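Undergrad: Here it is, the structure in full.
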Amino acid sequence: MSAAAEREARRTEALDSFRVRGMPHRRFEHWRYSDLRAVLDAGQVAQAGTAKWKIEKLPEGVELFDLSVQNAPEWVMKTLGHVGNRRTMVEASLAFSEGGVALRVPKGKKIAEPIKLEISGQGNLRWLIVLEEGASATIFEPHTHDAGYLRNVGVEITLAEGAELQHVRCAPLAPKSFTVELMALELAKDAKYHGHFANFGSRLSRTEAHIVLGGEGAEAHLSGVAVLGHEAHSDVTTHIEHAAGKTLSTQLFKHVAGGKSRAVYQGKITVRDGASGSDSRQTARALLMSPRAEADLKPELIIFNDDVKCAHGATVGDLDVESLFYLRSRGLPEKEARRLLINAFLEEAVDAIGNDALKETIWHDIEAALPRAMEAAK
Amino acid sequence: MLEIKDLHVSVDGKKILKGLSLKVETGKIHAIMGPNGSGKSTLSYVLAGREGYEVTGGSIIYNGEDLLQMKTEERAAKGIFLAMQYPVEIPGVTTMTFLKTALNAQKRARGEQELDAMQMLKLVRAKAKDLQVSEEMLKRALNVGFSGGEKKRLEILQMALFEPKMAILDETDSGLDIDALKLVADGVNMLRAPDRSMLVITHYQRLLDYIVPDKVHVLAAGQIVKEGGKELALELEEKGYADVIKVPA
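Those protein sequences? They're chains A and B, same order as listed.
Final position of the first sequence in the numbering used here is 385; the numbers increase by one with none missing.
Final position of the second sequence in the numbering used here is 250; the numbers increase by one with none missing.
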């Protein structure tokens, strides 16, 4: 079978699978806080077309394949539609997108300059990145929104032995849009993934990552911030599977919600039978700036092995009254004192980004979003 | 400088201050001594403008103005400074950033020129040296992991930077060993000035050996029950509170 025919066959499978299962909704436990079916029907997803992607300057040493070309090389064929489980919206993005992008960093190549992958427009989209043995790269994924969109992105990331990827995803405020991005990652022995998800909310926003730590010594480090105001919604859902021994995962999510916004974090960790000596830590905290804002934080552990360390914590609260008084008694006006404390709250999570320029970009977006988040509900 | 008249304050509906009157003179150091639960900390918080302290009667006039009408931050800009018994820890804000933000906020409120990062660094370094506040401390998150002595030294460093007109020291001696106490007291004594008043609140006479007051007031059950010179502190130490104060029924 030609590559094109093989792709078509997989696409047909995806289409059938989506048709049978349809849109996820709140009776699926993991979509409880983000009822997609209540706001969109399957037809809208099918007819949404293909979203746009752009890489203005590809760093030297990175290979790129445009997915709108049907005859894909072997490394794309092995990856596209084959990483992770077949979640219904993942199948939809495969079935309905006419394009997307695949990237590869060859064995041993260290790419210092970030790859900037911009995503815009309405529709379904796929992108994937393959890091071969010992390769390293940074990918910055800013989304832009200029209208009310439906966007459904499927992402596949595979990291071979000893590879290391930094991934910073930034989704700006899109009050009229529905934005879904589902990622699937597979990490081999000693591979490392550092993911940072900054969300400023949309009408319904879902960022989901399924990570399989498949080789001994593999590590996933997730961090993220959500700064929400008005009626914005942001749902970050993660599932990390410790499938091999001595694997490590850390998660640190900080959310600030004002107005009538809603911040969701669901973090599931599975430790498989053979994953002895694994270590997982997850922390999620939310600050509510308004009585009508809501935060749902749900850590979940499923462990099939005795020899593991798992720690998790989740707290929802308001700014500390003592701290606020202390700062004001030193002359800071109330608003400035609040802002300083919110920045301090978010600091740790932003600081996890390993690239200073990207860190600054995220801070810049946070500063712009804070006035909204600091408003009480109207 | 400061005149408190017949002040009544409740916290969570419980009456804490019951007709407290006190006059603090310009350039003088006044000590307030009193047993636990007499209302010492309440007085300091009411002066600094903490929320949750309900003034049900009386007045506080500060330099001719009604202090109770001012917001917390306004009081700071106008020269009120409270060195706290338990300074709060704020992870994520470096001490240096905090000092700069606070001093510039006060300057801005007074319509003065703000300091840039270099000017600020120079100023802080000069003042920090005397109080043995290290560069390393200034880089750390505010009060996080500081020892009791370090926290109190940082409070006094703020006092040196902000140059308040009316400084209130709330139990500055608590939790300090004798060396740390001397260091803090030296810092305070250096800040004595003809236009600066201080209100030193303490349970024990010990601090007043090092920061010698001009006047001592004894606070018991929400009122000033006795006033005198510095010798009153010694008398209290010798006889204990029960003998000196006649607790009002």
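Don't be surprised by glycine CBs; every beta carbon is placed ideally from N, CA and C.
Fair warning: this is a prediction, and the values are worked out from it, not measured in the lab.
Give me the DSSP bridge partner(s) of Val60(A).
TA: Here residue 60(A) refers to the residue found at position 53 of the first sequence. For the sequence presented, residue 60(A) should be read as Trp rather than Val. According to DSSP, which records beta bridges pairwise, Trp60(A) is partnered with Ile126(A).
Undergrad: Excluding five sequence neighbours on each side, which residues of the same chain lie with their C-beta closer than 7 angstroms to the C-beta of Ala291(A)?
TA: The residue you call residue 291(A) lines up with position 284 of the first sequence. Answer for Ala291(A): Phe260, Tyr272, Gly274, Leu304, Pro306 and Ala321, listed in chain order.
Undergrad: Work out the CA separation of Leu334(A) and Leu100(B) for me, nearest whole Å.
TA: One-based indexing of the second sequence puts residue 100(B) at position 99. One-based indexing of the first sequence puts residue 334(A) at position 327. C-alpha separation (whole angstroms): 10 angstroms.
Undergrad: Going by DSSP in three states, Arg111(A) sits in which element: helix, strand or coil?
TA: By one-based count along the first sequence, residue 111(A) stands at place 104. Reduced to three states, the DSSP call for Arg111(A) is strand.
Undergrad: Anything in chain A within Cβ reach of Leu83(B), meaning under 7 angstroms, just list it in chain order.
TA: Position 82 of the second sequence, counting from 1, holds the residue named residue 83(B). Chain A residues near Leu83(B): Ser336.
Undergrad: Output the residue ranges of the alpha helix (DSSP H) runs that lie fully inside the segment 178 to 231 of chain B and measure 4 residues or longer, sorted by chain position.
TA: 179 to 191 and 207 to 211
Undergrad: Return helix, strand or coil for Leu65(A), following the three-state DSSP convention.
TA: Within the first sequence, numbered from 1, the residue matching residue 65(A) stands at position 58. In the structure shown, Leu65(A) sits in coil (DSSP, three-state: anything other than H, G, I, E or B).
Undergrad: Just how far apart, CA to CA, sit Glu239(B) and Leu339(A)?
TA: Counting from one through the second sequence, the residue named residue 239(B) turns up at place 238. Counting from one through the first sequence, the residue named residue 339(A) turns up at place 332. If you take the alpha carbons of Glu239(B) and Leu339(A), they lie about 43 angstroms apart.
Undergrad: In its own chain, which residues sit with a C-beta less than 7 angstroms from the C-beta of Trp38(A), not counting the 5 before and 5 after it?
TA: Here the question's residue 38(A) lines up with position 31 in the first sequence. Cβ within range, chain order: Pro31 and His32.
Undergrad: Out of curiosity, what's the CA-to-CA distance linking Pro92(B) and Glu355(A)?
TA: Your numbering for residue 92(B) matches position 91 in the second sequence. Your numbering for residue 355(A) matches position 348 in the first sequence. Near 9 angstroms, if we compare the C-alpha coordinates of Glu355(A) and Pro92(B).
Undergrad: Could you check if Arg379(A) is buried or exposed, using at least 16 other CB atoms within 10 Å of its CB as the buried criterion?
TA: Position 372 of the first sequence, counted from the start, is the residue given in the question as residue 379(A). Buried.
Undergrad: Any heavy atom of the ligand SAM closer than 7 angstroms to the Cβ of Val271(A)?
TA: Among the ligands in the structure shown, none appear at all, so the ligand SAM cannot be discussed.
Undergrad: If you follow the alpha helix (DSSP H) that Pro378(A) is in, where does it begin and where does it stop?
TA: Translated into positions along the first sequence, residue 378(A) becomes position 371. That run of the alpha helix (DSSP H) goes Asp363 to Ala380.
Undergrad: Can you tell me where the beta strand (DSSP E) holding Ser212(A) begins and where it ends?
TA: As a first step, residue 212(A) must be located in the first sequence, where it is residue number 205. Unbroken beta strand (DSSP E) run through Ser212(A): Ser209 to Leu220.
Undergrad: Starting from Arg26(A) and walking both ways along the beta strand (DSSP E), at which residues does that stretch end?
TA: As a first step, residue 26(A) is located in the first sequence; it is residue number 19 there, counting from the start. Arg26(A) -> not in any beta strand (DSSP E); alpha helix (DSSP H) instead, spanning Ala10 to Arg28.
Undergrad: Of all the beta strand (DSSP E) runs that stay within the bounds of the segment 18 to 97 of chain B, which reach a length of 3 or more residues?
TA: 30 to 34, 54 to 63, 81 to 84 and 91 to 95
Undergrad: Closer than 6 angstroms by C-beta to Gly130(A): which residues in its own chain qualify, once you throw out the five before and the five after it? Chain order, please.
TA: The residue you call residue 130(A) lines up with position 123 of the first sequence. For Gly130(A), where only same-chain residues beyond five positions count, the Cβ hits under 6 angstroms are Ala55, Gly56, Thr57 and Ala58.
Undergrad: Taking Tyr40(A) as the query, report the chain B residues whose CB atoms sit under 7 angstroms from its CB, ordered along the chain.
TA: One-based indexing of the first sequence puts residue 40(A) at position 33. Those within 7 angstroms of Tyr40(A) in chain B number zero; the least Cβ separation is about 27 angstroms.
Undergrad: What span of residues does the beta strand (DSSP E) with Glu113(B) cover, start to end?
TA: Within the second sequence, the letter at position 112 stands for residue 113(B). Element bounds for Glu113(B): n/a, residue is neither H nor E.
Undergrad: Report the residue ranges of all alpha helix (DSSP H) runs contained in full by the segment 121 to 178 of chain B; include only those spanning at least 4 residues, in chain order.
TA: List check, alpha helix (DSSP H) in window: 136 to 140 and 149 to 163.
Undergrad: Have a look at Gly50(A), Gly128(A), Ala383(A) and Asn92(A) and flag the residue whose alpha-carbon is nearest the alpha-carbon of Lys61(A).
TA: By 1-based counting over the first sequence, the position of residue 61(A) is 54. Looking at the Cα atoms, Gly128(A) is the closest of the given residues.
Undergrad: If the criterion is Cβ atoms closer than 8 angstroms, does the pair Ser268(A) and Val278(A) meet it?
TA: In the first sequence, counting from the first residue as 1, residue 268(A) sits at position 261. In the first sequence, counting from the first residue as 1, residue 278(A) sits at position 271. No. Outside cutoff.
Undergrad: Going by other Cβ atoms of all chains shown within 10 Å of its Cβ, with 16 needed for buried, is Met2(B) buried or exposed?
TA: Position 1 of the second sequence, counted from the start, is the residue given in the question as residue 2(B). Buried: at least 16 other Cβ atoms inside 10 Å.
Undergrad: Go through its chain and collect everything with a Cβ distance to Ala250(B)'s Cβ below 8 angstroms, but skip five positions before and after it.
TA: Position 249 of the second sequence holds residue 250(B). Per-residue confidence for Ala250(B) stands at a pLDDT of 42, beneath the threshold of 50, marking its modelled position as unreliable; the derived number appears in the next sentence. Cβ within range, chain order: n/a, list empty.
Undergrad: Check distances from the C-beta atoms of the segment 122 to 150 of chain B to those of chain A and list, in chain order, the residues that come in under 7 angstroms.
TA: none
Undergrad: Name the residues in the segment 152 to 168 of chain B whose C-beta lies less than 8 angstroms from a C-beta of chain A; which are they?
TA: Gln159 and Phe163
Undergrad: Which bits of chain A does Glu66(B) rub up against, with CB to CB less than 8 angstroms?
TA: As a position in the second sequence, residue 66(B) is number 65, starting the count at 1. Residues of chain A whose Cβ lies closer than 8 angstroms to the Cβ of Glu66(B) do not exist, since the nearest Cβ in that chain is about 17 angstroms away.
Undergrad: In chain A, what lies closer than 7 angstroms to Arg51(B) by C-beta?
TA: Taking the second sequence and counting its residues from 1, one reaches residue 51(B) at position 50. Those are Phe332, listed as they occur along chain A.
Undergrad: Indicate whether at least one CB of chain B lies closer than 8 angstroms to the CB of Pro298(A).
TA: For the purposes of this step, residue 298(A) is taken as the residue at position 291 of the first sequence. Chain B, which has no Cβ nearer than 8 angstroms to the Cβ of Pro298(A), makes this no.
Undergrad: Taking any Cβ of chain A, which residues in the segment 19 to 44 of chain B have a Cβ under 7 angstroms from it, in chain order?
TA: none
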